[in-house]
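Student: Encoded as structure tokens, here's the structure I'll be asking about.
This is how it looks when you write it as structure tokens:
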């Protein structure tokens, strides 16, 4: 492994650890499938998809495995989309944000356009606009976006 790869692995591990703390804090864990505020079938730490078994009670281990799988997919996609260097806190905020809104929405966002154009402050502020689910502002999303934006700015 080259020095560049080693440094990248350490940097990513830092951002990963931070992001997983933020994601777990805001997603919470629910062991039985439920409909989220937008009506999407969800389980564990915000896991969605057609692999959810309604009526099943998931274990902590299953939830941890789903979180890892979902996070790795998000992380890989965000890393490809972000074309500028960012520090661990900013990267962690982007991982958390994309984990919540989805990488397709993240890829199309003004936030990403601003970030890749070199406007990191503008990108961090864009997070605060993403507070709607089902056409309504949700207090939990406002709190999450405030925290993600602060982390993105390096203030958390």
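Numbering (full-length UniProt numbering), first residue to last: 1 to 156.
We put the beta carbon where it would ideally sit given N, CA and C, even for glycine.
In chain order, what residues of the same chain lie with their CB nearer than 7 Å to the CB of residue 52, ignoring the 5 residues before and after it?
Tutor: The residue labelled residue 52 in the question sits at position 52 within the chain shown. Closer than 7 Å at Cβ, skipping near neighbours: 33, 41 and 43.
Student: In whole angstroms, give me the CA-to-CA distance for residue 29 and residue 119.
Tutor: Position 29 of the chain shown holds residue 29. Position 119 of the chain shown holds residue 119. Cα-Cα distance, rounded: 34 Å.
Student: Would you please state the rounded distance, in angstroms, between the beta carbons of residue 22 and residue 111? I believe it to be under 8 Å.
Tutor: As a position in the chain shown, residue 22 is number 22, starting the count at 1. As a position in the chain shown, residue 111 is number 111, starting the count at 1. Not quite, the Cβ-Cβ distance comes to about 16 Å (not below 8 Å), so this is no contact.
Student: Could you tell me which whole alpha helix (DSSP H) segments of length 4 or greater appear in the stretch 15–102?
Tutor: Within the stretch 15–102, the complete alpha helix (DSSP H) runs of at least 4 residues are 60–81 and 88–101.
Student: Can you tell me the Cβ-Cβ gap for residue 128 and residue 145, rounded? I've got them flagged as a contact below 8 Å.
Tutor: Working through the chain shown from its first residue, we reach residue 128 at position 128. Working through the chain shown from its first residue, we reach residue 145 at position 145. Residue 128 to residue 145, Cβ: 5 Å. Contact.
Student: Assuming residue 20 and residue 47 form a contact by the criterion Cβ under 8 Å, report the distance between their Cβ atoms to the nearest whole angstrom.
Tutor: Counted from its first residue, the chain shown places residue 20 at position 20. Counted from its first residue, the chain shown places residue 47 at position 47. Contact flag wrong, Cβ pair sits at about 14 Å.
Student: Closer than 6 Å by C-beta to residue 70: which residues in its own chain qualify, once you throw out the five before and the five after it? Chain order, please.
Tutor: In the chain shown, residue 70 corresponds to position 70, counting from 1. Excluding sequence neighbours, residue 70 sits near 47.
Student: For residue 99 and residue 62, I'd like the C-alpha separation in whole angstroms.
Tutor: Numbered from 1 along the chain shown, position 99 holds the residue referred to as residue 99. Numbered from 1 along the chain shown, position 62 holds the residue referred to as residue 62. Cα to Cα, the separation comes out at about 18 Å.
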